[in-house]
Amino acid sequence: MQIQVLKSKLHRVKVTEANLHYIGSITIDEALMEAANLIENEKVQVLDIDNGERLETYVIKGTRGSGMICMNGPASRKVSVGDTVIVISYALMDFEAAKHHKPVIVFPKEDNSL
Numbered sequence: 378m379q380i381q382v383l384k385s386k387l388h389r390v391k392v393t394e395a396n397l398h399y400i401g402s403i404t405i406d407e408a409l410m411e412a413a414n415l416i417e418n419e420k421v422q423v424l425d426i427d428n429g430e431r432l433e434t435y436v437i438k439g440t441r442g443s444g445m446i447c448m449n450g451p452a453s454r455k456v457s458v459g460d461t462v463i464v465i466s467y468a469l470m471d472f473e474a475a476k477h478h479k480p481v482i483v484f485p486k487e488d489n490s491l
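This is the structure in structure tokens:
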């Protein structure tokens, strides 16, 4: 049996930009991506602490060290600049392996730095 488990989590990052007319996705500072074990094009769930919105999208690599969290395309209508969000990814694993899995959870500073 396979189950989905938490793989990675960026806990409480601030949205710094929004770009309605971009193709769609979330752009994340490359340093934050690496710290959270996220890769470009990976599917993520974005949870907005300020308005309760939850959405799924994929990751685009942003400029390293910029602190960038940019909501692109339709997602920019659901999450506003200045909102605090949690970014989560999941992995599919064997049930027994999942019992020993340790997710990567990152707690950035208020300015999205590590």
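Per our numbering, residue 378 is the first one in the sequence shown, and the count goes up by one each step. Here a beta-carbon is modelled for each residue, glycine too, at the ideal position from N, C-alpha and C.
Specify, as a first and last residue, the run of the beta strand (DSSP E) that residue i falls within.
i: R395; result: Note that residue 395 is Ala in the sequence shown, not Arg. Run containing A395: E394 to N396, per the beta strand (DSSP E) assignment.
i: A410; result: Contrary to the premise, residue 410 reads as Met rather than Ala in this sequence. No beta strand (DSSP E) holds M410; the alpha helix (DSSP H) holding it covers E407 to A412.
i: I362; result: Outside the shown range of the chain, which is 378 to 491, sits residue 362, and nothing can be said about it.
i: I482; result: V481 to V483
Helix, strand or coil, according to DSSP, for residue i in the structure here?
i: F439; result: For clarity, residue 439 is Gly in the given sequence; the question names Phe instead. The answer is strand: DSSP assigns G439 an E or B state.
i: E417; result: coil
i: L432; result: strand
i: S402; result: strand
i: E487; result: coil
For residue i and residue j, I'd like the C-alpha separation in whole angstroms.
i: P485; j: I380; result: 28 Å
i: D427; j: D471; result: 35 Å
i: G459; j: S385; result: 22 Å
i: S421; j: T461; result: The displayed chain sequence assigns Val, not Ser, to residue 421. Cα-Cα distance, rounded: 16 Å.
i: I437; j: N418; result: 6 Å
i: V483; j: L387; result: 5 Å
Bridge partners for residue i per DSSP, in chain order?
i: A468; result: V382
i: V390; result: V462
i: D425; result: V462
Between the segment 431 to 448 and the segment 391 to 410, can you find at least three pairs of beta-carbon atoms closer than 8 Å? yes
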